[in-house]
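As you go down the protein sequences, you meet chains A and D in turn. Heads up: the first sequence runs through residues 1 to 115, numbered per the working numbering. Heads up: the second sequence runs through residues 116 to 228, numbered per the working numbering. Where is the CB? At the ideal position from N, CA and C, for every residue including glycine.
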Amino acid sequence: DTEVTQTPKHLVMGMTNKKSLKCEQHMGHRAMYWYKQKAKKPPELMFVYSYEKLSINESVPSRFSPECPNSSLLNLHLHALQPEDSALYLCASSPHEGIANEKLFFGSGTQLSVL
Amino acid sequence: AQTVTQSQPEMSVQEAETVTLSCTYDTSESDYYLFWYKQPPSRQMILVIRQEAYKQQNATENRFSVNFQKAAKSFSLKISDSQLGDAAMYFCAYSGTASKLTFGTGTRLQVTL
Numbered sequence: 001d002t003e004v005t006q007t008p009k010h011l012v013m014g015m016t017n018k019k020s021l022k023c024e025q026h027m028g029h030r031a032m033y034w035y036k037q038k039a040k041k042p043p044e045l046m047f048v049y050s051y052e053k054l055s056i057n058e059s060v061p062s063r064f065s066p067e068c069p070n071s072s073l074l075n076l077h078l079h080a081l082q083p084e085d086s087a088l089y090l091c092a093s094s095p096h097e098g099i100a101n102e103k104l105f106f107g108s109g110t111q112l113s114v115l
Numbered sequence: 116a117q118t119v120t121q122s123q124p125e126m127s128v129q130e131a132e133t134v135t136l137s138c139t140y141d142t143s144e145s146d147y148y149l150f151w152y153k154q155p156p157s158r159q160m161i162l163v164i165r166q167e168a169y170k171q172q173n174a175t176e177n178r179f180s181v182n183f184q185k186a187a188k189s190f191s192l193k194i195s196d197s198q199l200g201d202a203a204m205y206f207c208a209y210s211g212t213a214s215k216l217t218f219g220t221g222t223r224l225q226v227t228l
């Protein structure tokens, strides 16, 4: 199994809603990542988890709350989002956090629309 | 800070022909890696090819090869025998001492019959 599975594929939420994005991998990878990609832009790193501990937070607003319950699962909890947070949210994993991100596997993303 | 520049927003190639996508980067680090990722309409980012900066030999993966010019900080991707399935957005990316990928703005490749 060389897949990173993200659910849901699409999500529409209001600014007062609370929702969660889910990412799962069963490749034994110990590093997991959240990227945000606005339309027609490159992905931008949000968070990195290494061995289930938060390793990097790229100054992401607190309305985004990541969680890594175990080495296979990564969640992104959303609360009080703004319309400008509408984007494609990509999850990725790699064997270890390291200099090369040598084999970064991406999921197909969750397309989020905030109304 | 490292930057990655892709100066070609769109490129077009005929099926079976060869196309080269350009990428330049700026860094003060001596040890780093460069990547080309492909993002088709399915939205999944797929690694196409990877180059270690310390290796002088250009990386190749089947129909994909790179021209890595370290002194010029240039990293272009050549796609030979283009296929319809190669149509996608292509991102050049850099990874140095930090555990993150810095992407360029992307080049949309169209493949025509």
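Is the CB of residue i under 8 Å away from at least one CB in chain A?
{"i": "L192 (chain D)", "result": "no"}
{"i": "L136 (chain D)", "result": "no"}
{"i": "L162 (chain D)", "result": "yes"}
{"i": "S157 (chain D)", "result": "yes"}
{"i": "F179 (chain D)", "result": "no"}
{"i": "G200 (chain D)", "result": "no"}
{"i": "F206 (chain D)", "result": "yes"}
{"i": "T227 (chain D)", "result": "no"}
{"i": "K215 (chain D)", "result": "yes"}
For residue i, count the other beta carbons within 10 Å of its own beta carbon; 16 or more makes it buried, fewer makes it exposed. Which is it?
{"i": "Q166 (chain D)", "result": "buried"}
{"i": "Y205 (chain D)", "result": "buried"}
{"i": "K170 (chain D)", "result": "exposed"}
{"i": "K40 (chain A)", "result": "exposed"}
{"i": "Q121 (chain D)", "result": "buried"}
{"i": "I161 (chain D)", "result": "exposed"}
Does residue i have its Cβ less than 8 Å from a Cβ in chain D?
{"i": "S108 (chain A)", "result": "yes"}
{"i": "P43 (chain A)", "result": "yes"}
{"i": "L74 (chain A)", "result": "no"}
{"i": "L54 (chain A)", "result": "no"}
{"i": "L21 (chain A)", "result": "no"}
{"i": "L115 (chain A)", "result": "no"}
Which residues mark the beginning and the end of the beta strand (DSSP E) in which residue i is found?
{"i": "Q37 (chain A)", "result": "A31 to Q37"}
{"i": "K215 (chain D)", "result": "Where K215 (chain D) is concerned, there is no enclosing beta strand (DSSP E), given that its DSSP letter is neither H nor E."}
{"i": "L74 (chain A)", "result": "L73 to H79"}
{"i": "V226 (chain D)", "result": "T222 to T227"}
{"i": "D196 (chain D)", "result": "Careful: D196 (chain D) lies outside any beta strand (DSSP E) and carries neither H nor E."}
{"i": "E144 (chain D)", "result": "Premise fails: E144 (chain D) is in no beta strand (DSSP E) and is neither H nor E."}
{"i": "M46 (chain A)", "result": "E44 to S50"}
{"i": "H10 (chain A)", "result": "H10 to M13"}
{"i": "V119 (chain D)", "result": "T118 to T120"}
{"i": "L158 (chain D)", "result": "The amino acid at residue 158 (chain D) is misidentified as Leu; the sequence shows Arg. Careful: R158 (chain D) lies outside any beta strand (DSSP E) and carries neither H nor E."}
In whole angstroms, what separates the C-alpha of residue i from that of residue j?
{"i": "K22 (chain A)", "j": "G219 (chain D)", "result": "27 Å"}
{"i": "S93 (chain A)", "j": "S210 (chain D)", "result": "15 Å"}
{"i": "S55 (chain A)", "j": "M32 (chain A)", "result": "10 Å"}
{"i": "P69 (chain A)", "j": "S195 (chain D)", "result": "44 Å"}
{"i": "F47 (chain A)", "j": "V60 (chain A)", "result": "8 Å"}
{"i": "D201 (chain D)", "j": "Q159 (chain D)", "result": "14 Å"}
{"i": "T217 (chain D)", "j": "G14 (chain A)", "result": "31 Å"}
{"i": "T175 (chain D)", "j": "T118 (chain D)", "result": "24 Å"}
{"i": "P156 (chain D)", "j": "S62 (chain A)", "result": "31 Å"}
{"i": "A168 (chain D)", "j": "F105 (chain A)", "result": "21 Å"}
{"i": "L115 (chain A)", "j": "L228 (chain D)", "result": "41 Å"}
{"i": "N57 (chain A)", "j": "R30 (chain A)", "result": "17 Å"}
At least 3 beta-carbon pairs within less than 8 Å: the region 80-94 of chain A vs the region 171-189 of chain D: no
Sufficient close CB pairs (3 or more, under 8 Å) joining the region 139-149 of chain D to the region 68-75 of chain A: no
contact_flag[the region 2-20 of chain A, the region 105-112 of chain A] where n(CB pairs < 8 Å) is 3 or more: yes
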